Amino acid sequence: MKLTAVVLLVTLAFCCFFGTVSAREILPGFLNTLLEGTLEQLYAGPISQYRIDDVTKAALAALKKCIESLSQEHTKALVKLLKMIRSEA
């Protein structure tokens, strides 16, 4: 539950900060990299065009740590859900 709330808050922050159109472009890649990639891949990929301050980097590291604590089954289920959402968009 705690992880879900964090992911939703991060998603909301991205939607508000980057705007609706930009968020539609960046969020799927951001979430996919967050689930399956590394922080380095996240910084080099989906959010590379933005200047990320130290507090945000720490928050992303904490979020990634939470995601890494999920079972492989749960991570795969979230990736599958993201793919279903992307295919409908």
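Sequence positions in the sequence shown follow mature numbering (1 follows the signal peptide of the UniProt record, and there is no 0) and run -23 to -1, 1 to 66. Where a beta carbon is used, it is the ideal one built from N, C-alpha and C, also for glycine. All values derive from a computational prediction rather than experimental measurement.
Item to check | Straight-line gap, Val(-3) to Leu4 (C-alpha atoms, nearest Å) | outcome: Taking the first residue of the sequence shown as 1, we reach residue -3 at position 21. Taking the first residue of the sequence shown as 1, we reach residue 4 at position 27. Low local confidence applies: a pLDDT of 46 at Val(-3) is under 50, so the model's placement there is unreliable, with the coordinate-based value given in what follows. Looking at the two C-alpha atoms, the distance is approximately 10 Å.
Checklist entry - What are the boundary residues of the alpha helix (DSSP H) that Asp31 is part of? => result Here residue 31 refers to the residue found at position 54 of the sequence shown. Where Asp31 is concerned, the enclosing alpha helix (DSSP H) stretches over 31 to 45.
Checklist entry - Looking at Ile29 and Phe7, is the spacing between their C-beta atoms short of 8 Å? => result Stepping through the sequence shown from its first residue, residue 7 is reached at position 30. Stepping through the sequence shown from its first residue, residue 29 is reached at position 52. No, the Cβ-Cβ distance between Phe7 and Ile29 is not below 8 Å.
Next on the checklist: Distance check for Lys42 and Lys60, CA to CA, integer angstroms please.
Outcome noted: Sequence index remark: in the sequence shown, residue 60 carries index 83 (1-based). Sequence index remark: in the sequence shown, residue 42 carries index 65 (1-based). One C-alpha to the other measures close to 22 Å.
Next on the checklist: What does the Cβ neighbour count give for Leu12, buried or exposed, with the cut at 16 atoms within 10 Å?
Outcome noted: For this step, residue 12 is matched to residue 35 along the sequence shown. Classification for Leu12: buried.
Item to check | C-alpha distance - residue 69 paired with Ile44, whole-angstrom precision | outcome: It is not possible to answer for residue 69, since the shown part of the chain is limited to -23 through 66.
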